[in-house]
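Q: This is the structure I want to talk about, given as structure tokens.
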Amino acid sequence: MRFSIVLSAQPTRFDAVAFRGDFERNLARIAAMGYDGVELAIRDPAQMDYPALRALLDQYGLAVPAIGTGQAWGEERLSFTDPDPAVRRAAVERVRAHLPFAAQVGAQIVIGLLRGVVQPGVTHKQATAWMVDALQECTRAAAAVGVRLCLEPLNRYETDLIHTVAEGLELIERVGADNLGLLLDTFHMNIEEADMAAAIREAGDRLFHFHVADSNRRYPGAGHIDFGRLLGTLAEVGYEGFVSGEFLPWPDAETAAERAIAHLRSVAPRLDLP
Ligand code: LER
Ligand code: MN
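Following this line, the structure appears as structure tokens:
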């Protein structure tokens, strides 16, 4: 089982991002703790020095399983469901701008808060239709360069669009793209799903990526989620992707990252045993 952790590649206000500050020092620490990859939160590809980033990733031997896009909503309010067509266009273009680097490093692109929320004066039906249009355009562009997109069901306090695996699968059906799957996050699932293991089974081969945080959004092991059961279910459905830590920096980012990987390793199924 491969583990990664969310790391912001640009300054952010999103406080569940596990590390901030000196980017290279953080990569070195993450690699030293035994993580196999970093999930990079990138607000705007136009601001990135990708050759330098790739050199650092190679230096520390870290994969990039996914690229998070939520900062474009958090910092700039770009979304697929804004009533202003220029904002919707900018959100789609922002996803497209992530594609060259994603294709180079084999990363998936996360669609979390970038889908937006149902805005005042807009119906749920209209917002959903705009979201489908945007996802169709993004998945087409991504398929052309062999990149997959992961739609993340989020809890009801963050958006009114797509809370559960069932709703996510229905949307994927409407979009009709093979390169669109789900990112399941245990923090959101703990709020929205009746049975988290059953939800993983329901996602099946549409499960493209997996976020872990405990029930209180602290590191796995700091709350009451049974990660042994969930990692066992991932193995059972043949999930071969990364298990990616996205949790609050409590009591501090480094301690949280260390305790997370220690707990996950202690409960992960031993697939190598006869
Ligand atoms: C992003 O992966 C996420 O889980 C959201 O809760 C961010 O607000
Ligand atoms: Mn998440």
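Heads up: the sequence shown at position 269 corresponds to 400 in my numbering, and the numbers run straight through without jumps.
Virtual Cβ for every residue (Gly too), placed ideally from N, Cα, C.
Report whether the distance from the Cβ of L244 to the nearest heavy atom of the ligand LER is below 7 Å.
A: Working through the sequence shown from its first residue, we reach residue 244 at position 113. Within the cutoff, so yes.
Q: Pull up the distance between the alpha-carbon of L244 and that of A233, whole angstroms please.
A: Against the sequence shown, residue 244 aligns to sequence position 113. Against the sequence shown, residue 233 aligns to sequence position 102. In a straight line, the C-alpha of L244 is about 19 Å away from that of A233.
Q: With hydrogens ignored, establish whether the beta-carbon of H340 is closer than 7 Å to any heavy atom of the ligand MN.
A: The residue labelled residue 340 in the question sits at position 209 within the sequence shown. No, since every heavy atom of the ligand MN falls outside the 7 Å radius drawn around the Cβ of H340.
Q: I want to check one thing, is the minimum distance from the CB of D345 to the heavy atoms of the ligand SAH below 7 Å?
A: This structure does not include the ligand SAH; its bound ligands are the ligand LER and the ligand MN.
Q: State the beta-bridge partners of D316 as determined by DSSP.
A: Here residue 316 refers to the residue found at position 185 of the sequence shown. Answer by DSSP bridge pairing, in chain order: H342.
Q: Quick one: any contact between the stretch 161-173 and the stretch 379-399, if contact means 3 or more CB pairs under 8 Å?
A: The stretch 161-173, when compared against the stretch 379-399, does touch it at the 8 Å Cβ threshold.
Q: When we look at the beta-carbon of E301 and count the other beta-carbons within 10 Å, is it buried (16 or more) or exposed?
A: Counting from 1 along the sequence shown, the entry for residue 301 is found at position 170. The residue in question, E301, is exposed, as its Cβ has fewer than 16 Cβ neighbours within 10 Å.
Q: Return yes when at least one heavy atom of the ligand MN lies under 7 Å from the C-beta of I283, else no.
A: For this step, residue 283 is matched to residue 152 along the sequence shown. Before going on, a small fix: residue 283 reads as Glu here, not Ile. Indeed, a heavy atom of the ligand MN lies less than 7 Å from the Cβ.
Q: Alpha carbon to alpha carbon, how far is D153 from K256?
A: Within the sequence shown, residue 153 is the residue found at index 22, counting from 1. Within the sequence shown, residue 256 is the residue found at index 125, counting from 1. Approximately 43 Å between the Cα atoms of the pair.
Q: Using 10 angstroms around the beta-carbon of A238, count the other beta-carbons present and answer buried if the total reaches 16, otherwise exposed.
A: On the sequence shown, position 107 is the one that residue 238 refers to. Per the 10 Å Cβ criterion, buried.
Q: Between the Cα of G252 and the Cα atoms of D215, G277 and R219, which residue gives the shortest distance?
A: The residue labelled residue 252 in the question sits at position 121 within the sequence shown. Nearest C-alpha to G252: D215.
Q: Would you identify the three-state DSSP class for G152, choosing helix, strand or coil?
A: On the sequence shown, position 21 is the one that residue 152 refers to. Interpretation of G152 is limited by its pLDDT of 42, a score under 50 that renders its predicted location unreliable; no figure is taken from the coordinates.
Q: For E377, does the three-state DSSP call read helix, strand or coil?
A: Counted from its first residue, the sequence shown places residue 377 at position 246. E377: coil per DSSP, three-state reduction.
Q: Determine the extent of the beta strand (DSSP E) in which V398 is found, giving its start and end residues.
A: Within the sequence shown, numbered from 1, the residue matching residue 398 stands at position 267. Careful: V398 lies outside any beta strand (DSSP E), inside the alpha helix (DSSP H) at A384 to V398.
Q: What do you reckon, are the CB atoms on A344 and E377 nearer than 8 Å?
A: The residue labelled residue 344 in the question sits at position 213 within the sequence shown. The residue labelled residue 377 in the question sits at position 246 within the sequence shown. Contact flag set, yes.
Q: Looking at C-alpha atoms only, which residue of S135, A260, G299 and Q202 is the closest neighbour of L158?
A: Within the sequence shown, the letter at position 27 stands for residue 158. That would be S135, whose Cα lies nearest to the Cα of L158.
Q: With 16 as the cutoff for other CB atoms within 10 Å, does T386 come out buried or exposed?
A: Numbered from 1 along the sequence shown, position 255 holds the residue referred to as residue 386. Classification of T386: exposed, given that the 10 Å Cβ count is below 16.
Q: Does the distance between the C-beta of E206 and the nearest non-hydrogen atom of the ligand MN fall short of 7 Å?
A: As a first step, residue 206 is located in the sequence shown; it is residue number 75 there, counting from the start. E206: no, Cβ never under 7 Å from the ligand MN.
Q: Are A328 and R348 closer than 8 Å when you measure CB to CB?
A: Locating residue 328 in the sequence shown gives position 197, where the first residue counts as 1. Locating residue 348 in the sequence shown gives position 217, where the first residue counts as 1. No. Outside cutoff.
Q: Under 6 Å Cβ to Cβ from I173, same chain only, skipping five residues before and after it: list those, please.
A: As a position in the sequence shown, residue 173 is number 42, starting the count at 1. Answer for I173: A140 and I198, listed in chain order.
Q: Quick check on DSSP: helix, strand or coil for G369?
A: Numbered from its first residue, the sequence shown carries residue 369 at position 238. Residue state, collapsed to three classes: coil.
Q: By the three-class DSSP mapping on this structure, what secondary structure does G168 have?
A: Counting from 1 along the sequence shown, the entry for residue 168 is found at position 37. In this structure, G168 counts as strand in the three-state DSSP scheme.
Q: So, are the CB atoms of L311 and I303 less than 8 Å apart?
A: Position 180 of the sequence shown, counting from 1, holds the residue named residue 311. Position 172 of the sequence shown, counting from 1, holds the residue named residue 303. In contact: L311 and I303 (Cβ atoms closer than 8 Å).
Q: In this structure, how does DSSP classify Q239 when only helix, strand and coil are distinguished?
A: Taking the first residue of the sequence shown as position 1, residue 239 is located at position 108. It is a strand residue.
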